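Here is the structure we will look at, set down as structure tokens.
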Amino acid sequence: MQRLSEAQRVASLSVLLNLAVTAAKGILAFLTGSTALWAETLHSLSDLAASSATWVGIRLARLKSRAFPWGLYKVENLVSLLIAGVVFFAGYEIFREGVLGQRQVELTNLSVAVPGLAAIIVAVFLFSWYEKRKGEEYNSPALKADALHLRADSVSALVVLVSLVGAWLGYPFLEKIATVVVILFLARAGGEIMVDALRGLLDASVDYATLDKIRETIARDPRVTGIKRIMARNSGSVIFVVAEITLRSHSLKEAHAISEEIEEAVKEAVPGIERVTIHYEPEEKDYLTVAVPLAGLRGEISEHFGSAPYLALLKVDRQTWEVKEQITLPNPFLREEKGKGMKLAHFLVERGVDLVLTQESLEEKGPAYLFEAADVSYRTIAHRDLAAVIEDLGELIARREERTEVRGTGPGRKG
1 MQRLSEAQRV
11 ASLSVLLNLA
21 VTAAKGILAF
31 LTGSTALWAE
41 TLHSLSDLAA
51 SSATWVGIRL
61 ARLKSRAFPW
71 GLYKVENLVS
81 LLIAGVVFFA
91 GYEIFREGVL
101 GQRQVELTNL
111 SVAVPGLAAI
121 IVAVFLFSWY
131 EKRKGEEYNS
141 PALKADALHL
151 RADSVSALVV
161 LVSLVGAWLG
171 YPFLEKIATV
181 VVILFLARAG
191 GEIMVDALRG
201 LLDASVDYAT
211 LDKIRETIAR
221 DPRVTGIKRI
231 MARNSGSVIF
241 VVAEITLRSH
251 SLKEAHAISE
261 EIEEAVKEAV
271 PGIERVTIHY
281 EPEEKDYLTV
291 AVPLAGLRGE
301 ISEHFGSAPY
311 LALLKVDRQT
321 WEVKEQITLP
331 NPFLREEKGK
341 GMKLAHFLVE
351 RGVDLVLTQE
361 SLEEKGPAYL
371 FEAADVSYRT
381 IAHRDLAAVI
391 EDLGELIARR
401 EERTEVRGTG
411 PGRKG
């Protein structure tokens, strides 16, 4: 809402500027009797109408009702499309008057008209630069479109200035050359405005860079095990996101809480997002991955977690609790001076470990908090060797499953 209020303030300034510019051009046209300046005054009137439409569009975008529960954000896109039409119409009028027209410019009070029109051109160009920056900051297509339109207006006014000076110096053909250049500029600006507006109205996807940033933000959460699909679209100056993901979670309540955290993270990472909808599914695995720190390759259980020389990873069938695969890995962080436990915990989470069995108590330690955040279970065991652990896997895993039914039953989440 604050962003829309700021955008509305800038649009209001644009309306006031166009009102002042139109009045100034009208006064100069009256003083000089220049038909070109009268035409430019009419051109500015079209700018004033477009700026007023921008202000109305941004104001309407904030309104929500039972009939429009998502808001009227696309009004901004409709306004941008209207501005594109005004730009094309202005280009046609300039072509008709400046290229096809046979009227001669009457040079009266040129000492007033030239500096006055030059000052107007500078003021309009500077404000268009300011409005473009604000449009990008607030992600407002209407502000960006109006900025391009104002810039086109400053160039068309420059055509009039060149025509006045050129005719005064005896080179009337300069007016027609400059007019053609401006018409090309107007056509390009109008085309860009129209394409952007149509993309918003047709629910086209946001750019790939924004999609990648959303994907990276979601994937950064260790509880997310997969991203099936991400869709994001612009509606006016805001973005709507829908994501389908799989979560490492064993309760609907926790999965809902995780999805809300992810939604907030995405909103913080990408400006301009109005709503994030997360469709989540539990991770579907027919096996569990169990990690056991080892003291040696013969299967002796290590008394330490982070300083264990080796790790045994067991792939266990969820139905029969039978070990389907067993590998032993060296601890990649054994020689680290600090943070061995946390680095090893990150390593296990990234490998998709579901249960960690260790002789060292992890209660109220960094790895325990990381495991809790990633929904990885851990238990303190008294077993001396891996064979004994494998023999009791059924009981150990059963206790883990009980823990997932009743969350947070005690310190360390050991169940």
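Residue numbers for the sequence shown follow the UniProt record's numbering, beginning at 1 and rising by one.
We put the beta carbon where it would ideally sit given N, CA and C, even for glycine.
Treat the numbers as computed from the prediction; the structure is a model and nothing was measured.
| Asked | Found |
| --- | --- |
| The segment 348–357 touching the segment 258–269, judged by at least three CB pairs closer than 8 Å | no |
| Euclidean distance between Cα positions of D207 and R199 | 11 Å |
| A147 classed as buried or exposed, judged by whether at least 16 other C-beta atoms fall within 10 angstroms | buried |
| Rounded C-alpha distance that separates L126 from D212 | 34 Å |
| First through last residue of the beta strand (DSSP E) which encompasses P282 | I273 to P282 |
| Length-filtered (3 minimum) beta strand (DSSP E) runs lying within the segment 302–329 | 310–317 |
| Extent of the continuous beta strand (DSSP E) run through R233 | V224 to S235 |
| C-alpha gap between R151 and S128, whole angstroms | 6 Å |
| Distance between R215 and Q319 (C-alpha atoms, nearest Å) | 34 Å |
| Element boundaries [beta strand (DSSP E), containing F240] | V238 to L247 |
| V122: first and last residue of the uninterrupted alpha helix (DSSP H) it sits in | L110 to E137 |
| Contact set for A387: own chain, Cβ-Cβ below 7 Å, skip 5 residues either direction | G299 |
| Nonlocal neighbours in the same chain, by C-beta distance under 8 Å from A113, ignoring five residues either side | L28, L31, T32, S34, L37 and L164 |
| C-alpha gap between A382 and F305, whole angstroms | 14 Å |
| Strand pairing of E391, partner residues [DSSP] | Answer by DSSP bridge pairing: none, since E391 is not bridged. |
| Given D375 as reference, the closest of R248, E281, E6 and R188 once Cα atoms are compared | R248 |
| Residue burial classification, F371 (beta-carbon count within 10 angstroms, cutoff 16) | buried |
| Reduced DSSP category for P141 - H, G, I as helix; E, B as strand; rest coil | helix |
| Start and end residues, alpha helix (DSSP H) containing Y369 | G366 to A373 |
| Beta-carbon proximity of H149 to I83, cut-off 7 Å | yes |
| Cβ pair residue 420, L63 closer than 7 Å | The chain is shown only over 1 to 415; residue 420 falls outside these bounds and no answer can be derived. |
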